[in-house]
Amino acid sequence: MIDVYFFILLVKKRLLVWKKQDPDKVEKITLDFETMQSDDEDMKNWEPVEFYKKFLNNSIFELIVQESNRYAIQCNPSSPLNLSCNELEQFIGVLYAMSLVKMPSTRLYWSKEFYFEKVAGTMAVNRFEKIKKFLHCSDNLTRPKNCTDRLYKIRPLVDHLQKQFSNLKPSELLCIDEQIVPFKGKSGLKQYNPKKPKKWGYKLYVLSGIDGLIYNFQVHTGAIDVCLNQPNLKASGNIVLTLLQHIPRNKWYKLFCDIWYTGVDLFKTLHNQGIGCLGTVRANRLSKIKMTSDQVMRKNGRGSVELWTTTYDGVELRAIKWFDNRGVTLLSTYESVNPVSNVSRFDRKANKRVNVVCSSIVTTYNMFMGGVDLLDGFLSLHRISIRS
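See below:
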């Protein structure tokens with residue numbers, strides 16, 4: 001059965017009329033951001049250990065200790081684990097140390113040839129491996145027979161982290177992108193993304209600020225459900241609404257996303273809820289719009305641009321195509337072509353660098369879209385490679 005709301009959206013989209021506009025006559029819309037007070041106002045002055053305690057606090061440690069001890073007894077009642085919160089923190093500290101000083105084998109940290117005091121002096125190798133073996137977050141025996149949660153074993157940890165991230169004060173500029181947690185073992189959740197530096201692994205959808213700080217995330221487990229109290233906008237729109245469900249409305253946060261998420265229905269919905277949007281867009285998501293082909297724009301030269309507008313349920317949408325080496329199309333509810341700037345590009349024919357006129361919407365997107373990529377860069381520097 002076709003969702004009634006989705007059917008209405010489909011009809012309205014078919015009735016949209018796009019009009020080509022003079023870029024000089026369509027100005028950028030100013031959306032004044034309304035800042036909010038928060039208990040974390042001094043977060044920029046926090047020490048690293050304060051961030052650590054913010055996300056990994058005593059409550060989650062106590063849960064992991066309880067379930068790990070339970071699992072060890074279930075496996076062998078005569079050999080209890082007897083794990084404590086202090087020892088669990090030591091275990092995590094050892095993992096951090098291993099991420100800074102990498103060795104090809106775990107046992108080398110305790111070997112005579114490569115003895116590493118920060119690790120070997122904290123915990124014996126047999127104790128480390130035993131904790132790693134029985135580390136658990138959920139009770140396997142209480143799992144319902146009809147349970148369909150593919151993250152059941154780590155659900156308490158995922159829920160805890162999502163709650164802690166959502167309690168942070170979000171910045172005005174937000175971005176959504178995929179993230180791959182590298183993994184090549186056997187798992188039904190493993191994904192392949194050829195566009196990522198680490199192509200195999202678990203896929204996460206991440207909402208972050210431009211500084212890489214996470215405000216929400218979702219682990220990809222299959223079908224994406226409709227967000228509570230929100231319209232059904234298919235998978236790409238539903239995941240955005242889910243990630244944004246803790247973001248205050250009508251404060252004019254600015255959201256940046258890439259080509260998979262961007263759509264006229266999503267941008268119209270978010271703008272009506274007081275969130276400005278900007279993202280690259282696929283041409284087939286802009287119905288009844290005939291943009292100039294790349295071949296024609298190439299003749300006009302690099303930096304050529306065209307702008308189309310339409311009004312959808314009272315929301316003005318701007319579709320802008322800018323040509324560099326190839327055309328790139330962006331959709332926004334507030335950005336425009338002007339003011340333009342110059343970017344440096346290499347001209348193969350002239351064999352020198354030249355200035356290319358760049359539209360404001362492109363400059364803004366390039367400046368604020370890279371929050372999740374920045375996060376990936378930070379994580380790749382000291383990734384924990386030890387597997388359970």
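The opening position of the sequence shown corresponds to residue 1 in the UniProt record's numbering, with each subsequent residue numbered one higher.
The beta-carbon is built from N, C-alpha and C at its ideal position, and this holds for glycine as well.
Roughly how many angstroms separate the alpha carbons of VAL181 and THR221, rounded to a whole number?
-> About 13 Å.
Use the C-beta contact count for SER78: other C-beta atoms within 10 angstroms, 16 or more gives buried, fewer gives exposed.
-> Per the 10 Å Cβ criterion, exposed.
Which residues mark the beginning and the end of the alpha helix (DSSP H) in which TYR334 is found?
-> Segment: none, TYR334 is in no alpha helix (DSSP H) and carries neither H nor E.
Mind checking which residues open and close the beta strand (DSSP E) that includes GLU306?
-> 305-312 is the span of the beta strand (DSSP E), which, as asked, contains GLU306.
Ordered along the chain, which non-local residues of its own chain (more than five positions away) have a Cβ less than 7 Å from that of SER344?
-> The residues ARG353, ASN355, in chain order, have a CB closer than 7 Å to that of SER344 in the same chain once the five nearest residues on each side in sequence are set aside.
Does the region 99-107 come close enough to the region 145-154 that 3 or more CB-CB pairs lie under 8 Å?
-> In short, these stretches do not touch, since the Cβ pair count stays below three.
Pairwise C-alpha distance: PRO23 and TYR202 = About 42 Å.
When you compare only the Cα positions, how much space is there between TYR205 and LYS169?
-> One C-alpha to the other measures close to 19 Å.
Inside the region 130-188 only - beta strand (DSSP E) runs reaching at least 3 residues | Within the region 130-188, complete beta strand (DSSP E) segments of at least 3 residues are found at 173-182, given in chain order.
In three-state DSSP terms, what is PHE368?
-> In the structure shown, the three-state DSSP call for PHE368 is helix.
Where LYS186 and ARG318 are concerned, what is the direct C-alpha to C-alpha distance, given to the nearest angstrom?
-> A direct Cα-Cα distance of roughly 45 Å separates LYS186 from ARG318.
On a CA-only basis, which of GLN162, GLU113, VAL337 is nearest THR309? Give me that one, please.
-> For the residues GLN162, GLU113, VAL337, the minimum Cα distance to THR309 belongs to VAL337.
How should ASN216 be labelled, buried or exposed, when 16 other C-beta atoms within 10 angstroms of its C-beta is the threshold for buried?
-> Taking a 10 Å sphere around the C-beta of ASN216, we find 16 or more other C-beta atoms and assign the residue as buried.
Rounded to whole angstroms, what's the CA-CA distance from GLN273 to VAL17? Just pull it up for me.
-> The alpha-carbon atoms of GLN273 and VAL17 are separated by roughly 23 Å.
Out of curiosity, what's the CA-to-CA distance linking GLY93 and LYS53?
-> Whole-angstrom Cα-Cα distance: 13 Å.
Residues in its own chain within less than 6 Å of ILE210 by CB, not counting five upstream and five downstream?
-> Cβ within range, chain order: LEU173, PHE368, GLY371.
State the beta-bridge partners of GLY201 as determined by DSSP.
-> DSSP output for GLY201 lists PRO182, GLN191 as bridge partner(s).
So, helix, strand or coil for ASP347, using DSSP?
-> Here DSSP, grouped into helix, strand and coil, assigns ASP347 to strand.
For the alpha helix (DSSP H) that contains LYS234, what are its first and last residues?
-> Element bounds for LYS234: 234-243.
Continuous alpha helix (DSSP H) stretch holding TYR71: start and end | 58-75 is the extent of the alpha helix (DSSP H) around TYR71.
Where the alpha helix (DSSP H) through ASN355 begins and ends | Element bounds for ASN355: not the alpha helix (DSSP H) but the beta strand (DSSP E), 352-358.
Rounded straight-line distance, which links the Cα of TRP200 to that of LYS190 = Taking the CA atoms as reference points, LYS190 sits about 7 Å from TRP200.
Measure the C-alpha to C-alpha separation of LEU381 and GLY314 and round it to an integer number of angstroms.
-> Approximately 46 Å, taken between the alpha carbons.
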